[in-house]
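**Student:** One structure, as structure tokens, below. Some questions next.
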Amino acid sequence: MKIAALGYYGFGNLGDEAVLAGIRAALATEPLFDAAQFLVLSNAPGETTRLHPGTVAANRWKWREASAALTGTDLFILGGGSLLQDATSVKSVVWYALMARIARAKARRVLWWGQGLGPLRSKVSRFLVRHIAAQANAVTVRDKKSSLLLKEIGASGSNEIVADPAFALSPDTVAVPTTDTTIIALRSWRENAGVHRLFPDRNMQNGWRDLAGQARYLSMHLPDDQDFLRGFGVSNSVDWRKDGNGIGAVLGEIAAARMVIAMRLHALIFAARCGTPFVALSYDPKVAALAEACGQTDALLDVNGESLSRETLSATIARVRDTSEARRATLREFANRQGELARRPAQIAATLLM
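Going by the numbering used here, the sequence shown opens with residue 437, and the numbers climb by one from there.
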């Protein structure tokens with residue numbers, strides 16, 4: 437059996453690599469896929485096969501190579517992540533739609549896996565997404581917003597709400613933290629006005645030491661996050677692509693940490709999956725949505741709001757620390773539910789191919 441997956445893979449983004457790892461972990465729970473070949477259409481095929489042992493990869497930008505690699509595919513997976521959106525340009529939607537058309541001609545079955553949709557502002561984007569959704573054998577989305585958007589644009593057929601594929605990963609969680617480290621995962625956003633308010637002297641290392649004690653900096657998107665951190669005096673962030681610091685190692689660090697403070701969505705998903713308390717610095721509705729879904733609204737701060745300050749951040753960190761045990765229990769319960777939902781597309785895939 438041959439499975440092929442297309443997503444935002446091979447671009448140096450740990451969140452998207454966790455999505456791919458989660459898809460594979462979910463498929464591994466279905467005996468039907470035990471001996472399946474797993475092909476990834478990637479921006480960096482060599483990097484993908486190194487990070488995900490057991491996969492083969494083809495260059496997503498080389499049409500002939502990608503098309504040839506898809507020949508004989510039993511199941512084509514589109515997702516996860518937010519692939520179908522035109523926030524910056526319609527070109528991305530056009531490209532994924534073309535690839536989906538090619539895959540539909542090559543594969544026995546097509547499955548959308550935990551897809552996040554929107555915004556879809558242009559008529560062209562809406563038409564294309566409606567068209568390729570109708571051609572899929574099954575559509576699963578990662579949230580209610582994406583499900584409603586499909587209905588809004590007139591996509592035929594049903595869709596099922598599941599969870600972000602990263603929740604299918606199973607780290608070796610610990611009952612209590614084994615380090616006193618706080619994991620910090622930030623990103624550049626809108627000229628970094630919110631971060632400048634927190635660290636006006638641009639000395640982030642001293643600032644976080646005062647706020648959170650021993651800190652470990654995680655660059656989720658390389659090299660962008662590293663470059664951003666260097667601008668605030670941080671030169672020792674974790675490079676998860678080197679020295680064995682892959683997805684499993686990062687999950688292990690987060691599971692052992694006292695707390696996570698993050699803007700990056702998948703850093704917060706990792707924290708929730710590991711049952712590690714977090715402070716969410718929201719720059720995008722998807723970050724706020726996660727915090728609300730797992731009952732952590734009192735650990736949520738708006739990076740875009742004028743109310744963000746050292747004082748409000750310090751008070752939030754203290755509140756999370758003081759209630760850490762209760763939060764760990766809440767997050768573990770949430771993660772278990774999400775894990776079941778994240779594995780649901782694998783069950784659908786098995787049914788499609790039986």
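Ideal placement from N, C-alpha and C gives every residue a C-beta, glycine not left out.
#1: Would A462 and R779 be called neighbours here (beta carbons separated by less than 8 Å)?
#2: Between the Cα of I620 and the Cα atoms of A698, Y444 and R763, which residue gives the shortest distance?
#3: Identify every residue that forms a DSSP beta bridge with F469.
#4: State buried or exposed for N595, treating a residue as buried only when at least 16 other CB atoms are found within 10 Å of its CB.
#5: Do L400 and L586 have their C-beta atoms closer together than 8 Å?
#6: Among A543, E588 and N449, whose alpha-carbon lies nearest the alpha-carbon of S518?
#7: Compare the beta carbon distance of D510 and A536 with 8 Å and say whether it is the shorter of the two.
#8: CB A716 to CB L605, shorter than 8 Å?
#9: Can you check DSSP and say which residues form a bridge with L553?
#10: Between which residues of its own chain and G775 is the CB-CB distance below 8 Å, once the five residues before and five after are set aside?
#11: Just to confirm the assignment, what range does the alpha helix (DSSP H) spanning T766 have?
#12: Quick test of the definition: if touching needs 3 or more C-beta pairs under 8 Å, does the region 655-663 touch the region 740-748?
#13: Please tell me whether M695 and F668 are closer than 8 Å, where the distance is taken between their beta carbons.
#14: Measuring alpha carbon to alpha carbon, tell me which of V526, K438 and G451 ends up nearest L687.
#15: By the three-class DSSP mapping on this structure, what secondary structure does H702 have?
#16: Within the same chain, show all residues whose beta-carbon is closer than 8 Å to that of K580, passing over the 5 residues directly before and after it, in chain order.
#17: Here's the rule: buried if 16 or more other CB atoms are within 10 angstroms of the residue's CB, otherwise exposed. What is E383?
#18: Only counting the same chain, and skipping five residues up and downstream in sequence, which positions put a Cβ closer than 7 Å to that of L736?
#19: To which residues of the same chain is H567 closer than 8 Å at the C-beta, ignoring the five residues directly before and after it?
#20: Can you check whether the CB of R645 is closer than 8 Å to the CB of E689?
#21: Considering only the alpha carbon of each residue, which of N642, D675, D734 and T766 lies closest to T752?
#22: Verify whether the separation of the beta carbon atoms of L442 and L487 is less than 8 Å.
#23: In chain order, what residues of the same chain have a beta carbon less than 8 Å from the beta carbon of V577, not counting five sequence neighbours either side?
#24: When burial is assigned at 16 or more other CB atoms within 10 Å of the CB, is A611 buried or exposed?
**Tutor:** The short version:
#1: yes
#2: A698
#3: Answer is none; F469 lacks a bridge partner.
#4: buried
#5: The structure shown does not extend to residue 400, since the chain is modelled only from 437 to 790, so the question has no answer here.
#6: N449
#7: no
#8: no
#9: L520
#10: A599, F603, A604, S606 and R709
#11: S760 to L789
#12: no
#13: no
#14: G451
#15: helix
#16: I597
#17: As shown, the chain starts at 437 and ends at 790. That puts residue 383 outside it, with no answer to give.
#18: A716, S718, A724 and A727
#19: A533
#20: no
#21: D734
#22: no
#23: W548, G550, Q551, G552, L553, S583, L586, N595, E596, I597 and V598
#24: With a pLDDT of only 49 at A611, under the threshold of 50, the placement of this residue in the model should not be trusted; the figure read from the coordinates follows. By the neighbour-count rule (16 or more Cβ atoms within 10 Å), A611 is not buried but exposed.
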